[in-house]
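Note that numbering that gives the first Met the number 0 gives residue 14 to position 15 of the sequence shown, counting from 1, and the numbers run on in steps of one.
Here's the structure we're looking at; comments come further down.
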Amino acid sequence: MIRLTDSEFLEFVKYMHDNYGIDLSKKRILIEGRLSGLLDKKGMSSFSQYLDSIKNNSKDEITMLVNKLTTNYTYFYREESHFDYLREVILPIQEKENKTRTLNIWSAGCSSGEEPYTIAMVLDDYFKFKISQWDIRITAGDISEKVLSKARKGIYPKDSLGKLPDSYKKRYFKMIDSNEYEVIPEIKKYITFKAFNLMDSILERSIYDVVFLRNVMIYFNSETKRNIINKIYDATKPGGYLLIGHAEALQRDKSKYIYIKPAVYKKE
Ligand SMILES: C[S@@+](CC[C@H](N)C(=O)[O-])C[C@H]1O[C@@H](n2cnc3c(N)ncnc32)[C@H](O)[C@@H]1O
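In structure tokens:
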């Protein structure tokens, strides 16, 4: 195994923090473990050699690095209380108050798509035939091209559907073979997957009714977190919601969102 020197380690930490907000300062073993096989394959003998190709902005190398160093763990219907909240609180309010019948939802850090597809299924199940009266746009972004390409395909092993209600499994997937299931086009059509780095400027202003930013901030330090939350706040519609992972929290005095309950915030 190729060893990472102290200075190479610090360079990786700085690169990932400055460009993607991800704090790997306590993840030396992860960096070494996930990258040394790749270096071997490339016939490189040191991490410095690899760092040089990254610094030369080789797009393929950078894509590969991000694919390797992000943690993309996710599953359908994860933290289901958010989906209950969507169904029981957010959507009834929208039905009553949203005169334009346009619903913009952002799944930020969507990984391989299980989160935005679950959102689309909940919407379809809630509105039923009335869904055709709505203009529904779910934007799903991530920095890893690898997970985005899996998300766009929408094909998942049977086991990963585990937590979804049976009625969803039946209605929203078609079986490809005994182990693989594909999300149906009627659900896929609501979602636009795109590469997006939360460190970049967010140009949209006050457009999102709901932002899912779940289990992404765990990798950010508090300053990066604060900056990203402020940008997302500006992109949220007044009356809109921010949903974060239950293991995460906003510093209440530093955020303009109001706290509703654990992992649920609102823009007044
Ligand atoms: C653990 S997954 C969470 C997926 C999903 N939101 C959930 O809760 O199951 C975190 C995702 O955030 C993405 N991510 C990390 N830093 C990011 C950044 N700066 N911009 C956009 N996505 C990022 C990672 O690539 C990864 O796919």
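Positions of the beta carbon are idealized from the N, C-alpha and C atoms, including for glycine.
Quick caveat: nothing in here was measured; it's all calculated off a predicted structure.
* **Cα-Cα separation between PRO91 and TYR207, rounded to whole angstroms** => Taking the straight line from one Cα to the other gives about 17 Å.
* Proximity to LEU23 [Cα-Cα], best of PRO237, ARG2, PHE219, ILE259 -> Taking the Cα of LEU23 as reference, the smallest distance to any Cα among PRO237, ARG2, PHE219, ILE259 is reached at PHE219.
* Asked: For the putative contact between LEU241 and TYR256, defined by C-beta atoms under 8 Å, what is the C-beta separation to the nearest angstrom?
  -> Their Cβ separation, rounded to whole angstroms, is 5 Å, which keeps LEU241 and TYR256 in contact under 8 Å.
* Of the residues ILE259, TYR76, GLU267, LYS25, the one placed nearest LYS162, counting alpha carbons only -> Checking every option, the nearest Cα to that of LYS162 belongs to TYR76.
* To do: Spatial neighbours of LYS145 within its chain, please: CB distance less than 7 Å, with the 5 preceding and 5 following residues excluded, ordered by chain position.
  => Correct list, in chain order: ASN66.
* Could you tell me the distance, in whole angstroms, from the CA atom of HIS16 to the CA atom of ILE30? => Their Cα atoms are separated by approximately 13 Å.
* ALA150: which of ASP141, GLU203, LYS168 sits nearest, CA to CA? -> Comparing Cα-Cα distances from ALA150 to each of ASP141, GLU203, LYS168, the minimum goes to ASP141.
* Asked: In chain order, which continuous runs of the alpha helix (DSSP H) of length 4 or greater are located wholly inside the region 124-185?
  -> Fully contained in the region 124-185 are the following alpha helix (DSSP H) runs of length 4 or more, in chain order: 144-152, 165-171.
* Buried or exposed: where does PRO237 fall if 16 or more other Cβ atoms within 10 Å of its Cβ makes it buried? -> Around the beta-carbon of PRO237, fewer than 16 other beta-carbon atoms lie within 10 Å, marking it exposed.
* Do you know whose CA, among LYS157, ILE227, ILE201, HIS245, lies nearest ASN178's CA? -> Of LYS157, ILE227, ILE201, HIS245, the residue nearest in Cα terms is LYS157.
* To do: For GLU97, collect the residues of the same chain with a Cβ closer than 6 Å to its Cβ; drop the 5 residues on either side in sequence, then sort them by chain order.
  => A small fix is needed here, since residue 97 is Asn in this sequence, not Glu. None.
* May I ask you to check if the CB of ASP141 is nearer than 8 Å to at least one heavy atom of ligand 1? => Yes - ligand 1 has a heavy atom lying nearer than 8 Å to the Cβ of ASP141.
* List the endpoints of the continuous beta strand (DSSP E) containing PRO261. => Note, PRO261: premise wrong, no beta strand (DSSP E); not H, not E.
* Selected residue, minimal CA-CA separation from TYR167, among ILE118, LYS152, PHE192 -> Of ILE118, LYS152, PHE192, the residue nearest in Cα terms is ILE118.
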